[in-house]
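What follows is a set of notes on a single structure, which appears directly below.
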Amino acid sequence: MKIKFSGERYRYYILGFLALGFFITTAIFSYNTKDTNELFFSIEDGVYIDFDEGWIDEDGNTVNIADLTYHGHKDRESYLFYRTIPEGLTGEESLSFEVKHMGFCIYFDDREYDGYDYGETPDSLDFVTNDLDARYVTTDFEKMIMQHYTDYYKLYGVDYIAYMADGLGSGLGSRGAGTYLRTMQLYTSDVGDTIYLELFPVYSNSKICNMAIEPASAYIRSRIMAALPSFIVCIVIILIGVAIIIATKLISDQRSGRIYESLAALIILVGLWSMIETHLLDYVLGTSEYLHTISYFLLMSMAYPIAVFSDMVTLKPHKRIAGIVFWATVILIDYCTFTNYNEIFDFHETVYLSDLLIMVTGFFVIIRIIMDQKFRKDNDLHVNTNWIDLSLAFITFMGLIDLLRYINILHIKKIFDSGFFTRIGVLVFTIGMFINLFIDTMNRNRQADKAGAYMEMAFTDALTGIPNRGAFLLKESEISDRMREVSKRKKDVNFQIVYVALDLNGLKIVNDTLGHATGDDYIVAASGILMQAFSDYGYVYRVGGDEFASFIVCDNAVDRYLECIDKMCEMIRDYNEKSGRDMQMHIAYGYSVWTPGDHRDISKVEKDGDEAMYEKKRQMKKVAAKKKS
11 MKIKFSGERY
21 RYYILGFLAL
31 GFFITTAIFS
41 YNTKDTNELF
51 FSIEDGVYID
61 FDEGWIDEDG
71 NTVNIADLTY
81 HGHKDRESYL
91 FYRTIPEGLT
101 GEESLSFEVK
111 HMGFCIYFDD
121 REYDGYDYGE
131 TPDSLDFVTN
141 DLDARYVTTD
151 FEKMIMQHYT
161 DYYKLYGVDY
171 IAYMADGLGS
181 GLGSRGAGTY
191 LRTMQLYTSD
201 VGDTIYLELF
211 PVYSNSKICN
221 MAIEPASAYI
231 RSRIMAALPS
241 FIVCIVIILI
251 GVAIIIATKL
261 ISDQRSGRIY
271 ESLAALIILV
281 GLWSMIETHL
291 LDYVLGTSEY
301 LHTISYFLLM
311 SMAYPIAVFS
321 DMVTLKPHKR
331 IAGIVFWATV
341 ILIDYCTFTN
351 YNEIFDFHET
361 VYLSDLLIMV
371 TGFFVIIRII
381 MDQKFRKDND
391 LHVNTNWIDL
401 SLAFITFMGL
411 IDLLRYINIL
421 HIKKIFDSGF
431 FTRIGVLVFT
441 IGMFINLFID
451 TMNRNRQADK
461 AGAYMEMAFT
471 DALTGIPNRG
481 AFLLKESEIS
491 DRMREVSKRK
501 KDVNFQIVYV
511 ALDLNGLKIV
521 NDTLGHATGD
531 DYIVAASGIL
541 MQAFSDYGYV
551 YRVGGDEFAS
561 FIVCDNAVDR
571 YLECIDKMCE
581 MIRDYNEKSG
591 RDMQMHIAYG
601 YSVWTPGDHR
611 DISKVEKDGD
621 EAMYEKKRQM
631 KKVAAKKKS
């Protein structure tokens, strides 16, 4: 038997292959990542001070460190800020903050050493002392810091380097190191000292934010708890997408199923992407570079399910775009991967191409839906102005907002999550999908109920209420397929298919002597007896005026047939005793059995069963004739 795959199925396989290769490659590269979050939890007493505000730049302006943007910055260009350590420290606090693709160095102007042990801080600080020793300076960044330290010592009197990181990654997915939490121990002797913060943004949208003075463990907990609600929402979004895919299996219409599958795939992709962008996994796992690289891949793949949806949902004749978007996605993935690992451009610097592909595809889908609605109206077709249209437009708009934020054209204070508005769009989109799915399911159920009623009328005998010859022919086709299927498998000596032929004797005599109304009652009574007798193992079908048939399909079906015949004969005796009529009911019966390995087709099996029934009928007539004589 040949298995046929659609072009769409092949495309999913190719994307899956690319995804597998991409993840394996990035996983191998991830071993080279330099930074990890060092999470530690303990119960500490200490104060909490919001430290984002109150910084002073080199021009004397007071700034909020979290609101800074770095448009047009040059590579390794630095920005210097300073402020005073406030009073009230207990010695349990740390200067804690979150960095995203950001290098930094923290200086003090007159810090007392106070027995500070650098073994308690990240290993990257081992070279730093209050008197710089060139023997420990190895990287270009450290050489630059040493030069800056010398300059700032002369300009501002700084005499101590407390904490530094270059903000660069290993090249896994971008030049930046990703998102990390940083903590630096503070001491009571630091109160009143001036702290200098030098920033080295890798990109124009690099960030340092959520800066606070509080116990390190409390800070880490607070960041995890702040990200947790969004993370849970993303998990719910992913589960909803999976549930929709499962629900589509219940939709008999293949086209509708593919529509919802493509939309569910989009929900899952956006859910996974948004989940990574909450940075909770960054905080907990400390593998920010790898997670960011996966995020880039998800973003690159997101346009394809939108295009599949567009092709499936519209009726207006037009060229399908799913194939075009698919190859655009493949080329985009190959191009970005090639340029990243050949150090031409990194994934972060080419992310605008992914955003552009999504936006163009999304807007094109909206236009096609509008055109399709007009086409339906012009041709008096069903117009389905549904929630998906509106929610898809909404998610496209929300994605545009996040894109503008990502490239620093739009800046919204206090919102640092790059997928914040997209997630809102996905939530609205998901709700719209469920509303549309519910309405569509209700409409289909109503149509199915009508179709089922018509089908029942078409395959039910009007007089007796039992299945008619049309239903028998359907069952016959099903049994024929079953015979072919079983023949291909290993033989089962117990499996049997029994065809039962039944004929109501004396119907013509009843019609001629007692009238057709009594004849109809006679048929109805016989039908009821047969249905009850065979109900445990199958249906009885009225295939002619006084002819009935049944199939018994199971192990040891002949034994089941004999049970049914015994039950039928007993019920006929009871009926004859209670009817009080001179004309007694008699039903002739016969059967033919098919077992695996039998080369007869269904027609031959039925013919043999009919012959057995006619032989039984002849025997019953002989017995009746002897009784009369």
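Take the sequence shown: its position 93, counted from the start at 1, is 103 in our numbering, and no numbers get skipped. Cβ atoms here follow ideal geometry from the backbone N, Cα and C, with glycine treated the same way.
Count the other C-beta atoms from every protein chain shown that fall within 10 angstroms of the C-beta of Met452, then say buried if there are 16 or more, exposed otherwise. In the sequence shown, counting from the first residue as 1, residue 452 sits at position 442. Exposed, by the Cβ-count rule.
Roughly how many angstroms lie between the CA atoms of Glu486 and Lys518, to the nearest whole one? Here the question's residue 486 lines up with position 476 in the sequence shown. Here the question's residue 518 lines up with position 508 in the sequence shown. So the alpha carbons of these two residues sit roughly 28 Å apart.
For the putative contact between Tyr599 and Lys626, defined by C-beta atoms under 8 Å, what is the C-beta separation to the nearest angstrom? Indexing the sequence shown from 1 puts residue 599 at position 589. Indexing the sequence shown from 1 puts residue 626 at position 616. Contact holds; Cβ gap of about 6 Å.
Taking the continuous beta strand (DSSP E) assigned at Met174, which residues delimit it? Residue 174 sits at position 164 when you count from the first residue of the sequence shown. It spans Tyr170 to Ala175 - the beta strand (DSSP E) in which Met174 sits, taken as one unbroken run.
Alpha carbon of Tyr80 to alpha carbon of Gly435, nearest angstrom: In the sequence shown, counting from the first residue as 1, residue 80 sits at position 70. In the sequence shown, counting from the first residue as 1, residue 435 sits at position 425. Each residue's alpha carbon lies about 28 Å from the other.
If you follow the beta strand (DSSP E) that Glu488 is part of, which residue opens it and which one closes it? Within the sequence shown, the letter at position 478 stands for residue 488. It is not in any beta strand (DSSP E) - Glu488 instead sits in the alpha helix (DSSP H) that spans Arg479 to Lys498.
Mind checking Lys84: buried by the 16 CB within 10 Å criterion, or exposed? For this step, residue 84 is matched to residue 74 along the sequence shown. Exposed, since its Cβ has fewer than 16 Cβ neighbours within 10 Å.
What are the complete alpha helix (DSSP H) segments, minimum 4 residues, inside the stretch 283-328? 290-295, 298-311 and 313-323
Which of helix, strand or coil DSSP assigns to Val534: By one-based count along the sequence shown, residue 534 stands at place 524. Residue state, collapsed to three classes: helix.
Assess, as a yes-or-no matter, whether the stretch 247-263 is touched by the stretch 219-233 under the definition of 3 or more beta carbon pairs within less than 8 Å. no
What would DSSP say about Phe355, mapped onto helix, strand or coil? The residue you call residue 355 lines up with position 345 of the sequence shown. Phe355 falls in the coil class under three-state DSSP.
Which whole-angstrom value describes the C-beta separation of Tyr601 and Gly619, a residue pair presumed to lie in contact below a C-beta threshold of 8 Å? Your numbering for residue 601 matches position 591 in the sequence shown. Your numbering for residue 619 matches position 609 in the sequence shown. At roughly 5 Å, the Cβ-Cβ gap stays under 8 Å, so Tyr601 and Gly619 are in contact.
Minimum Cβ-Cβ distance from Thr204 to chain D less than 8 Å: Among the protein chains of the structure shown there is no chain D, as only one such chain exists.
Quick one: what's Trp65 bridged to in DSSP? As a position in the sequence shown, residue 65 is number 55, starting the count at 1. Trp65 pairs with Val73.
Have a look at His526, Val496, Gly179 and Tyr293 and flag the residue whose alpha-carbon is nearest the alpha-carbon of Asp565. For this step, residue 565 is matched to residue 555 along the sequence shown. Of His526, Val496, Gly179 and Tyr293, the residue nearest in Cα terms is Val496.
Tell me the DSSP secondary structure of Met221 in three-state form. Position 211 of the sequence shown, counted from the start, is the residue given in the question as residue 221. Correct three-state label for Met221: strand.
Could you tell me which uninterrupted alpha helix (DSSP H) segments, each at least 4 residues in length, are contained entirely in the stretch 547-624, listed from first to last along the chain? 567-589
Using the C-alpha atoms, what's the distance from Gln383 back to Asn352? Start at 1 with the first residue of the sequence shown, and residue 352 comes out as number 342. Start at 1 with the first residue of the sequence shown, and residue 383 comes out as number 373. Distance between the alpha carbons of Asn352 and Gln383 is about 47 Å.
Simplified DSSP state of Asp471, which is helix, strand or coil: Position 461 of the sequence shown, counted from the first residue, corresponds to residue 471. Three-state result, Asp471: coil.
Tell me which same chain residues have a C-beta within less than 6 Å of the C-beta of Glu274, skipping the five on either side of it? Taking the sequence shown and counting its residues from 1, one reaches residue 274 at position 264. Looking at the sequence shown, residue 274 is not Glu but Ala. Closer than 6 Å at the Cβ level, and outside the excluded window around Ala274, lie Gly251, Ile254 and Ile255.
In the DSSP assignment, find the alpha helix (DSSP H) that holds Val246 and state where it starts and stops. Translated into positions along the sequence shown, residue 246 becomes position 236. First-last of the alpha helix (DSSP H) with Val246: Ala226 to Thr258.
Taking the alpha-carbon positions, what's the Gly129 to Glu152 distance? Here residue 129 corresponds to residue number 119 of the sequence shown, with the count starting at 1. Here residue 152 corresponds to residue number 142 of the sequence shown, with the count starting at 1. Model confidence at Gly129 stands at a pLDDT of 34, short of 50, so the residue's coordinates are unreliable and nothing is read from them.
For the alpha helix (DSSP H) containing Ile116, list its first residue and its last residue. For the purposes of this step, residue 116 is taken as the residue at position 106 of the sequence shown. Run containing Ile116: none in the alpha helix (DSSP H); it sits in the beta strand (DSSP E), Met112 to Phe118.
Closer than 7 Å: is that where the CB of Ala313 sits relative to any heavy atom of the ligand NAP? This structure lacks the ligand NAP, and indeed carries no ligand of any kind.
Give me, in chain order, the residues of the same chain whose beta-carbon lies closer than 6 Å to that of Tyr58; leave out the 5 immediate sequence neighbours on both sides. Start at 1 with the first residue of the sequence shown, and residue 58 comes out as number 48. Closer than 6 Å at Cβ, skipping near neighbours: Glu224.
Just confirm the distance between the C-beta atoms of Val553 and Arg479, as a whole number of angstroms; I'd bet it's less than 8 Å. Taking the first residue of the sequence shown as 1, we reach residue 553 at position 543. Taking the first residue of the sequence shown as 1, we reach residue 479 at position 469. Right, the Cβ-Cβ distance comes to about 5 Å (below 8 Å), so this counts as a contact.
Along the chain, where does the beta strand (DSSP E) that runs through Ile507 open and close? Stepping through the sequence shown from its first residue, residue 507 is reached at position 497. Phe505 to Leu514 is the extent of the beta strand (DSSP E) around Ile507.
Can you tell me which of Ala76, Val563, Phe544 and Pro606 puts its alpha carbon nearest to the alpha carbon of Asp576? Residue mapping note: residue 576 aligns to position 566 of the sequence shown, counting from 1. With distances taken between Cα atoms, Asp576 lies closest to Phe544.
What is the DSSP secondary structure of Tyr197, reduced to helix, strand or coil? Taking the sequence shown and counting its residues from 1, one reaches residue 197 at position 187. Coil.
Element boundaries [alpha helix (DSSP H), containing Glu152]: Taking the first residue of the sequence shown as 1, we reach residue 152 at position 142. Segment Asp150 to Tyr166, the alpha helix (DSSP H) holding Glu152.
Please determine, among Gln157, Asp200, Asp150 and Ile507, the residue with the shortest C-alpha to C-alpha distance to Arg93. Here residue 93 refers to the residue found at position 83 of the sequence shown. Minimum Cα distance to Arg93 is reached at Asp200.
Helix, strand or coil for Ser180, going by three-state DSSP, please let me know. Sequence index remark: in the sequence shown, residue 180 carries index 170 (1-based). Here Ser180 sits in coil by DSSP.
Out of curiosity, what's the CA-to-CA distance linking Leu191 and Ile230? Stepping through the sequence shown from its first residue, residue 191 is reached at position 181. Stepping through the sequence shown from its first residue, residue 230 is reached at position 220. In a straight line, the C-alpha of Leu191 is about 8 Å away from that of Ile230.
Nearest to Ile612 (by Cα), restricted to the options Phe561, Gln629 and Asp592: Here the question's residue 612 lines up with position 602 in the sequence shown. Closest option to Ile612, Cα to Cα, is Phe561.
Give the secondary structure of Arg192 by DSSP, where H, G and I count as helix, E and B as strand, and everything else as coil. The residue you call residue 192 lines up with position 182 of the sequence shown. Strand at Arg192.
Is the beta carbon of Ile269 closer than 8 Å to that of Met322? For the purposes of this step, residue 322 is identified with residue 312 of the sequence shown, where counting begins at 1. For the purposes of this step, residue 269 is identified with residue 259 of the sequence shown, where counting begins at 1. A contact, by the Cβ cut-off of 8 Å.
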